[in-house]
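Chains as they are written, first to last, in my numbering: chain A, 1 to 448; chain B, 449 to 791; chain C, 792 to 1042; chain D, 1043 to 1443.
Below, the structure is given as structure tokens:
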């Protein structure tokens, strides 16, 4: 065994005690003397990282996990300290959280709400996790958020873009750093107008499930406000792999813009198919035919390859940003793993730091205290510019990036270029905006 | 009218993939009596043959370009492929670009070898076992194969483009006298359809006109009798399994540019191809082909807005609905022989 | 008036006249054999009798009731049991269980959800099954896996299962086909014993003349789907038409 | 005892003892030890063991006895879950009406699908059930979202119009599922030295229902009805010519197993009030098939073993990550440690599917009768050593155990 404790493995080893569980987790019960769910009594605190490790989003999950491990390393004083150097709040000191060493357990969501809840429950019940974070789809995020609410732990959402997560399904114990479909629409609209004009006819292909619908609704509303006409909206089955029969009629419809409200494998295939059909070389109504993918991720861009070139979309964060926070994060992540982080990695890293900082400021791990510390918290230095964690719906408000597929990528990670950084003010909405109405945060649940 | 032509084209194209997979599946069932749940995985491996060849052709060495920097501020490392250095950028570039068609040649020996190993090493021991056991063992194999691919290639889809000469699309509408852009169709999908037709034709010709094929057909009809004639039917069936694997693999190779291959694409097609086989009639080759095209076209029609506005969600269920109706009205499938698995 | 009356039955398969104007009357408590060369329509006729095929025209009456259009299990419940060319038994079940099932079927009808009672505590049924096995000399094999038995034993069991239902008509389809001589003789002895001991009508379709002449009281000769002649075995043996159509061919 | 013969009684007692003592048996390792990773004695997983046990026992009544291989049984589980959650939303948080409704609804659904699907048999029956289940899944995920809440799954909200009960509790949270006041999620902990045991109300309710289901399954197996079901599997021709109508027998088995699935679904929703559409996907149906065959189709205890085996892998192996491996092998020299981790790593954590796939293959290849056969072989080996002289009576048929 190595004697140096500074090697990467040495760190992993010390952080690995997590798997053994902590003393006496007090589960789902009022019978215990603990003040709140899974109150850490020992010298360590356990976080639960619930990411897709199998299924189509496994690579995204792997990137999230890398970010979490990096965050834990930094919180425990390892590495270069990462974003703790640039974070506007200086409470974190590299000595764990509230002096307790940070440990973690991991689980596999399989991108299924059932499996995700099962693995979250096992982390809470078996390993005594005090906070659950991660995920790569809105269905999973909403389901796990609901579980954490009833179990009495904090949920720091990973990648979830549906309006519902902080809209009709918002929960007092749940917090989202990632942006949402409404923000995508609001950020994209002005760019679409300046690049493609106000007289456009849009054709929507939408994945036939909740996230797809909220995205379609948001984009339709934002583009129609510009004066665009929505020619047609077509729902496509989630299980579809070949989108040819949905794309073929587009050319015939008189539309000159195709909006693909798809994510993951659906998006890769529909975009590939659309480009195959030569849509981008066509001229309709005297204008170049354009394709828009409102929600972009680097992994999807990699999957679609050449086809993303010149295609507009929005994203939460991109590693080419030049602010101090982004540069620091790219450096820490890049030096550890050898390639730049994805937006999923950034949001998960930020969520972990935000949680740790909130505990530190609240002086407790009690979910109610942590929630209070996060609510209306304003911060900067995590890569997204000045950000507000709004109390009314637990949604972060920050700048949104409009990006475009790069024409001449220099590496397999250099696929997108930032077209515009839409300021937070422009994507902010009222908490009772109709697209987000119908939910109720309820009150925070400490579990005991 | 143009919309209908378009959906027929789409249907033929989807149908080509269904038909190719179902053809191998029904061949294995017809000759060996084995329900092979790993057949989708063979299709997936075929697609990854294309990915692998393209990776091999893209093997490269690094040149450091001091004038540019990468994301960490270090000098940018430039990659140049060996092929381009050896054969010149033009020749080398063309070869790299034609990776997918070249992968046809590359994949045939690989797929046949995989087929042989599967049959000799595993399936052979399951001829006399119940279908449920066959399903379980081949399902296990399918999981193992796809997890191996995932381990080496990741879960993300890997773009595998067609040669640029074959990208773009053909304006059918103008050929047929409709307005421009009314019926456009990508060249590669046309290539896929023609390719599928050739493979299907080849398999049929092989079974129809060669002595080997005759023995196999006789074996499908009555295995014991052929065995009694002193013909080594087992060896021929092994070869048949290899051919079925190759057909699935080729279907996968050529499918790679249509949708970026990922490790679970086989599972996506598995259930569907079983439905196709059953609708066509277990063990009937023409049935599998017919059902493949039929379901492909029906699926395309069901995805038309005009149809969906009458039956919301019909495109989600049309294949299953058709399967149920056919099985209830014509239990042996469209072209199944009487008495085969009809009980 | 026989227990089984077949009147003017016709059945065509495409261009082939499988049965043409078949008339047949089987007297109660007799043993009636139907013979004929291959393709004479014996199996088609049998399938009509058990409800598997519906004739184009004609009627089939069993004890005054039509069997046409009824399902095999309904016809069985009317009192017709069938023995198959290759023994059809419940191969996965034990011999005793094989014997119990027809007794349950007789007692409870074609369907009953007796899901809570224990089958091995149905004393009456078990006793009856065991006594029948005793008659068949199979009682020592009652826990055998029935699929693992010899063909002769399977045939014995199948006949026993039919008898367990106390049928009024027993249909036998080439009961000794593919059997060794010793098994054939055992089967003939068993059938003779049954005929002598029980009030039962037996209709037998058979190829093997030895079997037919040892059992049958009346014989119908079928050729090309039509009954050629019907008479006692002695008369049939010497009948010129039969010799020409059937025995001549066999010789 | 209980109207069972001696052998079945002892089997039932053993199973009862195992389930009642599960919180101890599944937590053999002290909470702080490295092996604690393999502890399965926490409420969620214990509940899953018994609930999927019920599902598999029910599936085995159809597949093990009649031989009809349904590839759509997950649909009944899903329908059961949806009914239960709706009951929580509309009527009361008490689990009794919810579970009753889920059993009834799943039974009716099974009657409809079974009536149509049982017109065919063999692989055609499998494809028909698969088609029905996939249709249910696809529709539940998309068009039927108003009823199923689609992708997210049907869950409770603070605005549910609960007729017998309150929409939200005094402190503003959603009320919890209970059995006449006993909360399903309530867990009592027992710390014995370094060990830590959890006793969960929901688990014990599920376990008792599982034992009842198991007992009922034994009764069905041993009844004349069970004999008829085995007759369906063995020879339908003989059955029909013995005056038995095989269709209603198969249909009854289908409906009973559908109701078992509904019970499992209702219990799942009672333990954790969410009903996800993925529960109805064909892979979920495939899972119960695998559980049953893996454990031993047609045997009484096999499906329960198979269910436990698969759920254990899914929940325990998927949670082992690289840092845990480093901890395990930390005592080794560096080079060896790295090599070992590189060798083991592909099979754990995100590679748990690979391990499961390999185990499926190994079991089917070497133990055609599933885990039960493995147990019997070990048992026989043991007995043979004990009494070498005693003659083997293996030629006699052994009734299904």
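Here a beta-carbon is modelled for each residue, glycine too, at the ideal position from N, C-alpha and C. Predicted model only: the values in this text are computed from it and were never measured.
Pull up the DSSP beta-bridge partners for residue i, would you.
{"i": "residue 816 of chain C", "result": "C:796"}
{"i": "residue 133 of chain A", "result": "A:49 and A:156"}
{"i": "residue 1224 of chain D", "result": "D:1221"}
{"i": "residue 175 of chain A", "result": "A:156"}
{"i": "residue 420 of chain A", "result": "A:402"}
{"i": "residue 964 of chain C", "result": "C:996"}
{"i": "residue 204 of chain A", "result": "A:233 and A:259"}
{"i": "residue 1021 of chain C", "result": "C:1011"}
{"i": "residue 1317 of chain D", "result": "D:1196"}
For residue i, count neighbouring Cβ atoms within 10 angstroms of its own Cβ and tell me buried if that reaches 16, exposed if not.
{"i": "residue 1432 of chain D", "result": "Note that residue 1432 of chain D scores 45 on pLDDT, short of 50, meaning its location in the model is unreliable; the coordinates nonetheless yield the value given after this. So residue 1432 of chain D ends up on the exposed side."}
{"i": "residue 322 of chain A", "result": "exposed"}
{"i": "residue 434 of chain A", "result": "exposed"}
{"i": "residue 588 of chain B", "result": "buried"}
{"i": "residue 1236 of chain D", "result": "exposed"}
{"i": "residue 1056 of chain D", "result": "exposed"}
{"i": "residue 537 of chain B", "result": "exposed"}
{"i": "residue 1111 of chain D", "result": "buried"}
{"i": "residue 21 of chain A", "result": "With a pLDDT of 37 at residue 21 of chain A, under the threshold of 50, the predicted position of this residue should be treated as unreliable, and no value is reported."}
{"i": "residue 1369 of chain D", "result": "buried"}
{"i": "residue 1027 of chain C", "result": "buried"}
{"i": "residue 139 of chain A", "result": "buried"}
{"i": "residue 512 of chain B", "result": "exposed"}
{"i": "residue 1059 of chain D", "result": "exposed"}
Indicate whether at least one CB of chain B lies closer than 8 angstroms to the CB of residue i.
{"i": "residue 1188 of chain D", "result": "no"}
{"i": "residue 8 of chain A", "result": "Confidence in residue 8 of chain A is poor, its pLDDT being 32 and thus under 50, which makes the residue's placement unreliable; the coordinate value appears in the next sentence. No - not a single Cβ of chain B is within 8 angstroms of the one on residue 8 of chain A."}
DSSP on residue i, reduced to helix/strand/coil?
{"i": "residue 1394 of chain D", "result": "helix"}
{"i": "residue 991 of chain C", "result": "coil"}
{"i": "residue 107 of chain A", "result": "strand"}
Report yes or no: is there a C-beta of chain A within less than 8 angstroms of the C-beta of residue i?
{"i": "residue 1360 of chain D", "result": "yes"}
{"i": "residue 1391 of chain D", "result": "yes"}
{"i": "residue 637 of chain B", "result": "yes"}
Using a C-beta cutoff of 8 angstroms, does residue i count as contacting chain C?
{"i": "residue 999 of chain D", "result": "Nothing about residue 999 of chain D can be reported from this structure: the residues present for chain D run from 1043 to 1443 only."}
{"i": "residue 1275 of chain D", "result": "yes"}
Could you confirm whether any beta carbon from chain D is found closer than 8 angstroms to the beta carbon of residue i?
{"i": "residue 711 of chain B", "result": "no"}
{"i": "residue 876 of chain C", "result": "no"}
{"i": "residue 758 of chain B", "result": "no"}
{"i": "residue 779 of chain B", "result": "yes"}
{"i": "residue 771 of chain B", "result": "yes"}
Using a threshold of 8 angstroms, state whether the C-beta atoms of residue i and residue j are closer than that.
{"i": "residue 1123 of chain D", "j": "residue 1317 of chain D", "result": "yes"}
{"i": "residue 168 of chain A", "j": "residue 441 of chain A", "result": "no"}
{"i": "residue 1141 of chain D", "j": "residue 1255 of chain D", "result": "no"}
{"i": "residue 1399 of chain D", "j": "residue 476 of chain B", "result": "no"}
{"i": "residue 983 of chain C", "j": "residue 961 of chain C", "result": "no"}
{"i": "residue 894 of chain C", "j": "residue 955 of chain C", "result": "yes"}
{"i": "residue 743 of chain B", "j": "residue 726 of chain B", "result": "no"}
{"i": "residue 450 of chain B", "j": "residue 631 of chain B", "result": "yes"}
For residue i, go through chain E and note every residue whose CB falls closer than 8 angstroms to its CB, in chain order.
{"i": "residue 1110 of chain D", "result": "Considering every chain present, this structure includes no chain E. Its protein chains are A, B, C and D."}
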